[in-house]
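Peer 1: Please see the structure below; I have some questions.
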Amino acid sequence: MEKQILEELYGKLRELIPDFETREEGNKNYISYKMQINDKDFETSVVITNGRAVAITGKRTYIYQIKEKSCEQFNNEVQTRYPLFQIYGGNGNISVGRRLLFDSVDELVTNIREFNSVCKAVIPQFEGSCVNFLVKTREEETYDPTQTFTPLEEESSNEKNADYVDSFVKDQQEYCKKTFYELAEGTEPVTKGNDVSFIRNEGDGSLKVTMDKNAPEDLKLDYAYVVEDQELAYIAIANITSTYKELEAFYNEKKRMLHVYSYVTPDKYLPDEPKEGIELLKEAIHNSLETAKKSTVSGEQVSANMQALMNEQLEEIRLKTEELESSRTQIEEERGAFEKEKEAFLNEKNQMEAELEEERTKLQEKEAELEERENAIAEQESINDEEKAKYALSMKNLTGEIARLQARLGQGSATKEDSGEVAKLKSRLNSLTKARASMEKTLNNENNELRRKNKELSDLLLEKTQETDKLKEDVHDQAVHLFDSEKAEYLKKIEELQKIADIAGEEMSPERCEKMLNEDGVYGDVSILHGARNDIVSCSYSENFAVKVVFGPIPFADVCKKLKRVDTKSLSKLNDEVADVKFFTKEDGVYARKYINRRITEEELRSVLSELIGYFDDDKKRR
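FYI, the numbering for the sequence shown is 101 to 723, going by the working numbering.
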């Protein structure tokens, strides 16, 4: 990577991340830094290969129990919300990754900023739903300050895991190359530096597909279209960046070409994604140009509109400022009440912790007693084994002596005394056999009694452990209730009041919208989806309609009707006739979109949704 570009990158990064470390090895540049998330460091690394390919990764490992079932739901949710990121929680850790190609320093810095925002959103969510901080699975590792940075390829110390990772990366790269040459369709690719690319005609424009031959993991899709009108091109770019957040656009004034591009990571389980990405580029450039043609106005009109909008916003700010002043007393009262509640909680928490410590001491005493009894059992069993061994050896010797004398009797060389000795020895052997049986029965009874008492103590110990765990849970639940609910709610109020533009009580919020749609009773599956840049209230209207209200920088309402076939002429006619509604198509159906004001009332929002649905719903039109 060129030194001048690196210096520019480091300079702009310091505005975003004051403290970071860098390292250079061969064709790779490493950047490492830490983010404070939930009062702990989140180690993050940026690896730049060949000056254009970037891998941004972060990982946090936990010493606490991970709820694997909750992880499944978490992984599915974040993958849907952040499709461009590789986010996985489970097996004792959470990892966040993003791979991309970049064309400028500003683009890379923007992606790093977005990566940090996603991490700050998903990690608290993961810890809140998937980590049990009451149960440790291992002791906390000692931090080594000399180990400040771990490159992506050196993360795994486990040789087997490293093999798995290498195998996965190799398979992904092979599939990426396969996809690249399939898209080429006979077109001869051209190599320039580390990049290999081809250009082919696609519809009434041209498509350029680029791949890094040294690290073939991503494809850059660039769709270009001739636009002679420079002003029209820049209006179209504004439409693209506001409507299609995952796409980038620029205009080549010299060649009069409007470019729209994105990156895709080919995967064998998503075989259609590259072709879908190409279709999305074509759709974006044509829809945005059509919108730009209809929205072109004179400079005087733009100026007048901006002045009117500015006057309206100034008046709104004045009203909100008055409301802010009137709310300060209420906030101070709430602050005082919160501090009192906090003090009461801390007193109760201290009392409960004292009780917990007392129970912990009792538990340790019972554990010591249990250990003593287990040692006593082991010692008694050792003595028993020795007793059994003595009896067994005596019986063995007697048996051998009897056998020897009987052999002499059989040979006729024995005396009368020998015959009497055999009888004595047999009698003694019989007594020993009975004594051994009695001894073993007595010892077994004693051992069983010791084991019974030991089990009683173990059961008592388990009961005390459960009581202690319940006490811990009560302390934790109260803490969560105060600091995660009430404090968060209080701080949210403070934040909302400080942001004058978001203060007005009349503003439509996602929560208020969700409540309204549920109360109306005509919408199904109403839910709020939280994203990095916006919140979406999603629901359905009958089986064929999907409805979304998007609360972003510019709020809007979308109604989508599922259609297998779309009449483009009718759609174009609707765009000509209806000035404030945008009609367009995507793979899942035909859309009607209308931008709304943040201060829209419930009745006005109902009217907007009814209007959008009415363009497609024949029954609604007849009514």
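Even glycine gets a Cβ: it sits at the ideal position worked out from N, Cα and C.
1) Give me the Cα-Cα distance between residue 562 and residue 568, rounded to the nearest whole angstrom.
2) In this structure, how does DSSP classify residue 126 when only helix, strand and coil are distinguished?
3) Go through its chain and collect everything with a Cβ distance to residue 649's Cβ below 6 Å, but skip five positions before and after it.
4) Going by Cα to Cα distance, which pick from 534, 520, 130, 137 is closest to residue 217?
5) For residue 386, which of helix, strand or coil comes out of DSSP?
6) Return the chain-ordered list of same chain residues with a C-beta closer than 7 Å to the C-beta of residue 164, the five sequence neighbours on each side being excluded.
7) By Cβ distance below 7 Å, which residues in the same chain neighbour residue 717 in space, the five residues on each side in sequence not counted?
8) Tell me residue 131's beta-bridge partners as DSSP assigns them.
9) For residue 244, is the classification buried or exposed, using 16 other Cβ atoms within 10 angstroms of its Cβ as the cut-off for buried?
10) Compute the minimum distance between the beta carbon of residue 293 and the heavy atoms of the ligand MN, and state whether it is under 6 Å.
11) Can you tell me whether DSSP reads residue 398 as helix, strand or coil?
12) Quick one, which of 472, 526, 327 has its alpha-carbon nearest residue 495's?
13) What whole-angstrom Cβ distance do residue 560 and residue 466 have, given they're in contact under 8 Å?
14) Determine, using beta-carbon pairs with one atom in the segment 362-378 and one in the segment 412-428, whether at least three such pairs fall under 8 Å.
15) Assuming residue 105 contacts residue 209 (C-beta within less than 8 Å), just tell me the rounded distance between them.
16) In angstroms, rounded to a whole number, what distance separates the CA positions of residue 432 and residue 139?
17) Jot down the residue ranges of each uninterrupted beta strand (DSSP E) in the segment 153-219, minimum 3 residues, whole runs only, in chain order.
18) If the criterion is Cβ atoms closer than 7 Å, does the pair residue 713 and residue 641 meet it?
19) Quick one: what does DSSP say residue 679 is sitting in, helix, strand or coil?
20) Could you check if residue 285 is buried or exposed, using at least 16 other CB atoms within 10 Å of its CB as the buried criterion?
21) Nearest to residue 482 by alpha carbon, out of 220, 411, 547, 117?
22) Return the chain-ordered list of same chain residues with a C-beta closer than 8 Å to the C-beta of residue 197, the five sequence neighbours on each side being excluded.
23) Taking the C-alpha atoms as reference points, what is the distance between residue 538 and residue 471?
24) By the DSSP assignment, the alpha helix (DSSP H) with residue 113 in it spans what residues?
25) With DSSP as the reference, label residue 692 as helix, strand or coil.
26) What do you reckon, are the CB atoms on residue 281 and residue 366 nearer than 7 Å?
27) For residue 202, collect the residues of the same chain with a Cβ closer than 8 Å to its Cβ; drop the 5 residues on either side in sequence, then sort them by chain order.
28) Under 8 Å by Cβ, that's how I've got residue 305 and residue 323 pegged, so tell me the actual separation to the nearest angstrom.
29) Should residue 352 be flagged as near chain C, meaning a C-beta pair shorter than 7 Å?
30) Residue 149 to residue 128, Cα distance in whole Å?
31) Would you list, in sequence order, the uninterrupted beta strand (DSSP E) runs of no fewer than 3 residues that lie entirely inside the segment 639-674?
32) What number of angstroms, rounded off, separates the C-alpha of residue 384 from the C-alpha of residue 617?
33) Could you tell me whether the segment 326-333 touches the segment 341-358, where touching means 3 or more Cβ pairs closer than 8 Å?
34) Just the C-alpha distance for residue 111 and residue 131, rounded to the nearest angstrom, thanks.
35) What span of residues does the beta strand (DSSP E) with residue 301 cover, start to end?
36) Whose C-alpha, out of 634, 183, 523, 663, is nearest the C-alpha of residue 644?
Peer 2: Answer, in terms of the structure:
1) 10 Å
2) coil
3) 613, 637, 657
4) 137
5) helix
6) 231, 232, 233, 235, 236, 237
7) none
8) 122, 146
9) Note that residue 244 has pLDDT 44, beneath the 50 cutoff, so the model's placement of it is unreliable and the number below is only indicative. That one is exposed.
10) The ligand MN is not among the ligands present in this structure, which contains no ligands whatsoever.
11) Since pLDDT at residue 398 reaches only 47, below the 50 mark, its modelled position is unreliable, and no value is offered.
12) 526
13) 7 Å
14) no
15) Contact doesn't hold; Cβ gap of about 12 Å is too wide.
16) 27 Å
17) 153-161, 164-166, 186-190, 193-201
18) yes
19) coil
20) exposed
21) 547
22) 155, 156, 157, 158, 185, 186, 187
23) 30 Å
24) 103-116
25) strand
26) no
27) 152, 154, 208, 211
28) 6 Å
29) Here there is only one protein chain, and chain C is not present.
30) 5 Å
31) 645-651, 656-661
32) 30 Å
33) yes
34) 13 Å
35) 295-302
36) 663
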